[in-house]
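Chains A and B supply the protein sequences, listed in that same order.
So the first sequence is numbered by my numbering: it starts at 842 and just counts up by one.
So the second sequence is numbered by my numbering: it starts at 14 and just counts up by one.
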Amino acid sequence: AQSVTQLGSHVSVSEGALVLLRCNYSSSVPPYLFWYVQYPNQGLQLLLKYTSAATLVKGINGFEAEFKKSETSFHLTKPSAHMSDAAEYFCAVSVGNYGGSQGNLIFGKGTKLSVKP
Amino acid sequence: DAGVIQSPRHEVTEMGQEVTLRCKPISGHDYLFWYRQTMMRGLELLIYFNNNVPIDDSGMPEDRFSAKMPNASFSTLKIQPSEPRDSAVYFCASSSILFAGELFFGEGSRLTVL
């Protein structure tokens, strides 16, 4: 069965510092992997997705993630944090029978990112 | 496009009352999902539909929960009778196989059961 583990429920960085949010997955088939962001009182918004093409995926707002099969990881990074990046971030893996494109996702518990001025 | 539309945004009710949450997916999307978000359990998939047909309802907590999708532009999630432990934010999301698994979420319905 597919699963996702996010290491660290809360990460705090200073403005301008590197952001690194960790995600490890478990999947018996080649996965589709996603990072979503949730701002307070809002729904989830897609940051980026890996669908078996390039292993380094670039997303919105300067975020990127690298798929590493040997480490079963899909960590999210951003070189320089901005105050507006403060939000909760969710890693997700797809399940389903159609090469992962079916869309029913399993989400991690989330990592809340705080950015200090 | 207007995105996924959910109503109500907030609902406060008393234990034992019936609650109905509504969702309008993005036009043209053929998958619809209901998720529940709580501090303790995170995001849980309750049920999803494909072309208005329920495909997997194994996440529905118990018989008090039911979901319907009478047409491609409308779905409901009903809780009857409601209990305090049902308090959560309920999200509806839609997708299409064309988007390779990307879900488009509504803003959620925050339910408080007293």
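For every residue, glycine included, the Cβ atom is placed at its ideal position computed from N, Cα and C.
These figures come from a predicted structure and were not determined experimentally.
Q: Just the C-alpha distance for residue 932 of chain A and residue 84 of chain B, rounded to the nearest angstrom, thanks.
A: Separation of residue 932 of chain A and residue 84 of chain B (C-alpha to C-alpha, rounded to the nearest whole angstrom) is 31 Å.
Q) Mapping DSSP to helix, strand and coil, what is residue 859 of chain A? A) It is coil, neither helix nor strand.
Q: Could you say if the segment 842-855 of chain A and the segment 863-870 of chain A meet the contact criterion of at least three C-beta pairs nearer than 8 Å?
A: The segment 842-855 of chain A, when compared against the segment 863-870 of chain A, does touch it at the 8 Å Cβ threshold.
Q: Answer yes or no: does any C-beta atom of chain B fall closer than 8 Å to that of residue 883 of chain A?
A: It does: the Cβ of residue 883 of chain A has a partner Cβ on chain B nearer than 8 Å.
Q.
Residues in the same chain with beta-carbon distance under 8 Å from residue 926 of chain A, minus the five sequence neighbours each way, listed in chain order, please.
A. A distance below 8 Å between beta-carbons, with the five flanking residues on each side excluded, links residue 926 of chain A to the following residues of its chain, in chain order: 860, 902, 919, 954 and 956.
Q.
Beta carbons nearer than 9 Å to chain A: which residues of the segment 63-81 of chain B have them?
A. Taking a C-beta cut-off of 9 Å against chain A, the contacting residues of the segment 63-81 of chain B are 63, 68 and 69, listed in chain order.
Q. Can you tell me the Cα-Cα spacing of residue 108 of chain B and residue 116 of chain B, whole angstroms?
A. Distance between the alpha carbons of residue 108 of chain B and residue 116 of chain B is about 5 Å.
Q) For the segment 85-101 of chain B, which residues have a beta carbon sitting closer than 8 Å to at least one beta carbon of chain A? A) So nothing in the stretch comes that close.
Q | Exposure of residue 122 of chain B, with buried meaning 16 or more beta-carbon neighbours within 10 Å | A | Around the beta-carbon of residue 122 of chain B, 16 or more other beta-carbon atoms lie within 10 Å, marking it buried.
Q) How would you list, in chain order, the residues of chain A whose beta-carbon sits under 7 Å from the beta-carbon of residue 41 of chain B? A) Taking the beta carbon of residue 41 of chain B as reference, no residue of chain A falls within 7 Å; the closest one sits roughly 14 Å away.
(Q) So residue 61 of chain B contacts chain A; which residues on that side make the cut at Cβ distance below 7 Å? (A) What residue 61 of chain B touches in chain A: 945.
Q) Who does residue 126 of chain B pair with in a DSSP beta bridge? A) In the DSSP output, where bridge partners are listed per residue, residue 126 of chain B has B:26.
Q: Tell me whether residue 69 of chain B sits in a helix, a strand or coil according to DSSP, three-state version.
A: Secondary structure at residue 69 of chain B: strand, using DSSP grouped into helix, strand and coil.
Q | Three-state secondary structure (DSSP) of residue 15 of chain B | A | If DSSP states are grouped into helix, strand and coil, residue 15 of chain B belongs with coil.
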